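To start, the structure under review is shown below, and the notes come after it.
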Amino acid sequence: MTAGEGRDGARALTTTVTVSRPLDLRRTLGPLRHAASDPAARLLPDGGWFALGTPRGAATLALARVSGGVTAHAWGPGAEWAIASVPDLIGQGDDDAGFDPGPHPYVVELAARYAGLRLTRSNRVFDSLVPAVLEQEVTGMEALRAWRLLVLRFGAPAPAPTGLTPSETASVPRLVVPPSAREWRAVPSWAFHEAGITQRRWRTVVHAAEVAGRLERTLRLGRGGPEISGTLMSLPGIGIWTSALITQTAHGDADSPAYGDAHVSRAVVWALARELLPPAEADERMAELLLPWEGHRERVVRLVLATGIEAPRRGHRMAPPPHRSW
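In the UniProt record's numbering, the protein residues as written are 1 to 326.
Okay, structure coming up:
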């Protein structure tokens with residue numbers, strides 16, 4: 001890691017992480033961005049920009065794929081923490097040694113096609129919890145609108161990158177650091193209401209913010225497992241679906257498929273069995289189909305979803321109803 005002085009004296013940190021196996025950086029970083037309009041993240045074909053709230057303060061992090069590795073640049077009070085998180089963000093700690101795609105020829109094909117897809121680990125539990133809670137029981141479009149409105153209103157501008165040429169500066173996205181746990185606790189109830197967030201969901205966010213330190217300590221327990229999910233689900237309003245989304249992103253859990261999401265379960269069942277099932281039956285069938293890959297079930301789901309496959313629609317297309325359980 002190296003440090004340089006920006007034009008305004010701000011400290012910019014830089015590092016390059018050597019990568020010895022295939023890496024599709026954009027797909028690996030994908031779970032860290034909540035749609036193209038996410039004010040806290042911007043994905044590029046060969047990397048991305050992220051506005052982070054770290055234990056040491058806000059940071060702007062830029063990642064780019066280069067020959068033999070990934071370069072990272074970080075600015076702001078949390079720059080050192082952000083740089084230290086880069087190996088986990090790009091999936092260096094993702095161990096797929098025990099993953100055998102063999103039980104299904106399509107999974108064998110996907111594992112070869114997306115050999116560079118790694119499972120990211122953000123090391124930020126509460127920051128993963130908030131968008132997951134906002135997605136409960138609503139459509140994805142509604143959840144993304146709420147996330148964007150609340151982050152823009154109550155977040156803070158990301159630290160400005162310094163030491164760049166004028167042309168480089170012009171290409172830097174304007175990002176916003178999401179509110180911290182303390183700041184989420186201060187968001188008034190009317191603001192949640194204006195963003196379309198029900199009372200149960202905003203109370204879940206506020207309660208989680210009150211115990212954020214305990215949630216972050218689950219990172220010491222590894223990349224998943226019953227102790228981590230049990231701690232998360234001990235919070236009112238956090239069920240198996242929300243817990244899975246959190247551990248997938250914050251902990252890098254390779255074995256936590258999101259049961260309770262009709263879009264995911266129906267897509268996986270269609271991809272692996274060519275069965276078109278109603279949401280009420282798709283979860284159970286997905287669980288059966290994923291059994292051969294216990295320990296790597298979320299890895300298989302991620303490979304399937306990387307194709308963009310969806311279960312065919314039946315009947316006339318209508319506005320999607322709320323479909324995510326909590």
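Positions of the beta carbon are idealized from the N, C-alpha and C atoms, including for glycine.
These numbers come from a predicted model, not from an experiment.
Cross-strand partners of residue i (DSSP beta bridge)
i    : result
L129 : Per DSSP, none; premise fails for L129.
A42  : Contrary to the premise, residue 42 reads as Arg rather than Ala in this sequence. Note: R42 sits in a beta bridge opposite W49.
Backbone secondary structure at residue i - three-state DSSP
i    : result
F50  : strand
D253 : coil
D261 : strand
V17  : strand
A36  : coil
V300 : helix
V211 : coil
W270 : helix
V187 : coil
V205 : helix
P157 : strand
V172 : coil
A12  : strand
Start and end residues, beta strand (DSSP E) containing residue i
i   : result
R65 : 57–66
W75 : 69–75
Limits of the alpha helix (DSSP H) - the one that residue i falls within
i    : result
V107 : 105–113
L150 : 140–154
D283 : 279–290
E294 : Careful: E294 lies outside any alpha helix (DSSP H) and carries neither H nor E.
Pairwise C-alpha distance: residue j and residue i
i           : j    : result
D100        : W293 : 7 Å
L119        : G295 : 13 Å
L61         : I83  : 8 Å
residue 358 : S128 : The structure shown does not extend to residue 358, since the chain is modelled only from 1 to 326, so the question has no answer here.
residue 329 : A273 : Here the chain comprises residues numbered 1 to 326, so residue 329 is not present and cannot be evaluated.
V107        : T139 : 28 Å
R285        : S256 : 16 Å
R297        : R145 : 30 Å
Checklist entry - Within the chosen definition, does the stretch 110–130 reach the stretch 286–304 through at least 3 CB pairs nearer than 8 Å? => result A contact exists between the stretch 110–130 and the stretch 286–304.
Checklist entry - For the stretch 55–72 against the stretch 15–31, are there 3 or more C-beta pairs whose distance is under 8 Å? => result Contact check between the stretch 55–72 and the stretch 15–31: three or more CB pairs, one atom from each, fall below 8 Å, which counts as touching.
Checklist entry - Contact between the stretch 170–184 and the stretch 40–53: three or more CB pairs below 8 Å? => result Contact between the stretch 170–184 and the stretch 40–53 is present, with at least three C-beta pairs closer than 8 Å.
Item to check | Cβ contact (3+ pairs, closer than 8 Å) linking the stretch 179–196 and the stretch 205–215 | outcome: yes
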